[in-house]
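In this note's numbering, the protein residues as written are 8 to 213. Built from N, CA and C at the ideal position, the CB exists for glycine as well. None of the values given here were measured: they were computed from a predicted structure. The next block holds one structure in the form of structure tokens; read it before the comments.
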């Protein structure tokens, strides 16, 4: 498939999307931009995008994706609460993961992968259970780290994005592949921006 065909199908996909889907995508983009700039309001737009996107997924009968969205919703609400309620988080909101937290991340990724793979193989007609499970479990871990204000959230989220892009193209979902590519780039800038913030925090608290 050449680039002109891809661009033509992408344009067609954008025109055919519902307003709910477009607003959901816009909320997702806004959430990432605000998150990159360390703004607590990122959670509001993230939650709105999840709720609107879940309705679109329900209309499309993509029930497994709704389950994943519900996880995102819970982690977003938790992250919002953690950020607003924790005095320590407000004073020094961004830190690197400890060994204990890395073990939890490994548990989320490994445990989540096998649970999702088993469910996809035995209870759905998925033709990409390995890729689908991997994209989801790494995203789960990234969202958990984001809620905890950990630097490494960007790494896990981009591992998920990196595998999600070809998966979405394989499924002919060019609009979402383009969005995920944007999120991939934004996550790189987010990591670099957070790194500068951490350096600034260390200078202030030195």
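Give the C-beta separation of residue 120 and residue 140 to the nearest angstrom, bearing in mind that I take them to be a contact with Cβ-Cβ under 8 Å. 5 Å
Counting Cβ pairs, one atom from each stretch, are 3 or more of them under 8 Å apart for the segment 170-189 and the segment 58-65? With the cut-off at 8 Å, the segment 170-189 and the segment 58-65 do not touch.
Just to confirm, does residue 118 get its C-beta within under 7 Å of one of the non-hydrogen atoms of the ligand SAM? With respect to small molecules bound, the structure shown includes none, and the ligand SAM cannot be examined in it.
Could you tell me the distance, in whole angstroms, from the CA atom of residue 38 to the CA atom of residue 48? 8 Å
Taking 8 Å as the threshold, find out whether the segment 118-132 comes into contact with the segment 81-94 through three or more Cβ pairs. no
Please go through the segment 79-153 and give each complete alpha helix (DSSP H) segment of 4 or more residues, from N-terminal end onward. 94-98 and 106-130
Can you list the beta strand (DSSP E) stretches of 3 or more residues lying completely in the segment 36-70, in chain order? none
Who pairs with residue 157 in a beta bridge, going by DSSP? 102
Applying the criterion that 16 or more other CB atoms from any shown protein chain within 10 Å of the CB defines a buried residue, is residue 156 buried or exposed? buried
Would you mind sorting residue 142 into buried or exposed? The rule is 16 or more other CB atoms within 10 Å of its CB. The residue is buried, with at least 16 neighbouring Cβ atoms inside 10 Å.
Give the DSSP-derived three-state secondary structure of residue 206 in the structure shown. helix
Going by alpha carbons, who is nearest to residue 78 out of 180, 205 and 115? Of 180, 205 and 115, the residue nearest in Cα terms is 115.
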